[in-house]
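In the working numbering, the protein residues as written are 2 to 337.
Worksheet: the structure to be examined is printed underneath.
Following this line, the structure appears as structure tokens:
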């Protein structure tokens, strides 16, 4: 059953439009004088771009469109800008796909939404891990560029088009900074749980909230002709706390959800050695034995399945999971 957005669009429409927008630009390149081998490789990359873009909850698109309709004071504005807002919402989803492709390469994740990660699929397609990883990296870059191009084509239709495009570019930059900060945390010592928690929450603001909540709200508000200063302030006051809460909840799902639902194996962040809020709280509130187990596991290069199960249990017994739930509730209240 389709879920309808605004007056005319459904989630299926979002899926179809994303596929069209991606194919439109890439297929134009295929019309150039490429050799057969190069064209074949590009076709494989285009195919993977579509596959990697499929699925997902489309939260960013939904929030962008909802913000636009909520802030639109004139029905005439809604009718004039409806298609452009829809495309900007899709542009955000294209950028998310780009970010996830890069994330999977950095984290060496093999699954995404229940299917092989882009770089893994491309490695298999060309029977070469090095080239496949390189193609995955370039696919992420291409989709990030494509997302900006989609936004650029739409921005000219709005009163605050220049500000809208600047907000989109700022979002991309913030996510990049957030990824750098995320990697820097992986080198942190584990002797200061409070500092680790604060650093992790800061990463969530840069890497997640920036494009999951703040940018969709900002873009929707600007498209509705809200004054830029008001749009920025309102989007940040709502979106910052909401985005951080979203990421904490996402980290919880890695521990307590069903892999059939998430499309990823349970405990994936633990296997990767992610230093995040759950670990920080477990180190702060756990007993000496629990802390010893955590420190030994997270200072090792790899963690066994037994390690993963023990750590998940510690997250429960130490109160770390309840602490995360409390953080989510407080952040949700802050966003109201």
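Each residue gets a CB set at the ideal place from its N, CA and C atoms; glycine is no exception.
A quick note: this is a predicted structure, and the numbers were derived from the prediction, not measured.
Counting C-beta pairs closer than 8 Å gives three or more between the region 225 to 239 and the region 71 to 80, which meets the contact rule.
Per DSSP, the beta bridge partners of residue 113 are 116. By the criterion of a C-beta distance shorter than 8 Å, residue 207 is surrounded in its chain by 175, 176, 178, 179, 182, once the five residues flanking it on both sides are discounted. From the listed residues 171, 239, 37, the smallest Cα separation to residue 335 is found for 239. C-alpha of residue 237 to C-alpha of residue 161: approximately 18 Å in a straight line. Taken in chain order, no unbroken stretch of beta strand (DSSP E) lies wholly in the region 79 to 155 with a span of 3 residues or more.
Counting along the chain, no alpha helix (DSSP H) covers residue 208, and no H or E run does either.
Residue 161 carries a coil assignment under DSSP once its states are collapsed to helix, strand and coil. Taking a contact to require three or more Cβ pairs closer than 8 Å, the region 191 to 211 and the region 105 to 123 do not qualify as touching. For residue 325, the enclosing alpha helix (DSSP H) starts and ends at 321 to 336. CA-to-CA, the gap between residue 126 and residue 39 works out to about 14 Å.
Remark: three or more beta-carbon pairs, one from each stretch, lie closer than 8 Å, so the region 47 to 65 and the region 139 to 151 are flagged as touching. Under the three-state reduction of DSSP output, residue 274 falls in the coil class, being neither helix nor strand. Here residue 192 carries a coil assignment [DSSP, helix/strand/coil]. Relative to residue 282, the option among 273, 48, 194 whose CA is nearest is 194. As the crow flies, the alpha-carbon of residue 286 is around 9 Å from that of residue 292.
CA-to-CA, the gap between residue 86 and residue 140 works out to about 25 Å. Rounded to whole angstroms, the gap between the alpha carbons of residue 307 and residue 267 is 13 Å. Residue 192 and residue 295 have their C-alpha atoms spaced approximately 11 Å apart. Between the region 210 to 217 and the region 167 to 174 there are three or more inter-stretch CB-CB distances shorter than 8 Å, so the stretches are counted as touching.
DSSP places residue 266 outside both helix and strand once states are collapsed to three, so it counts as coil. In terms of Cα proximity to residue 189, the closest of 304, 27, 300, 312 is 300.
For the pair residue 94 and residue 59, the CB atoms are nearer than the 8 Å cut-off.
Considered as a whole, the region 19 to 58 harbours 37 to 54 as its complete alpha helix (DSSP H) runs of no fewer than 4 residues, in chain order.
Classified as exposed, residue 303 has fewer than 16 neighbouring CB atoms from the shown chains inside 10 Å of its CB. In summary, residue 209 is buried, with 16 or more beta-carbon neighbours lying within 10 Å of its beta-carbon over all protein chains present. For residue 318, the secondary structure class from DSSP, reduced to helix, strand or coil, is helix.
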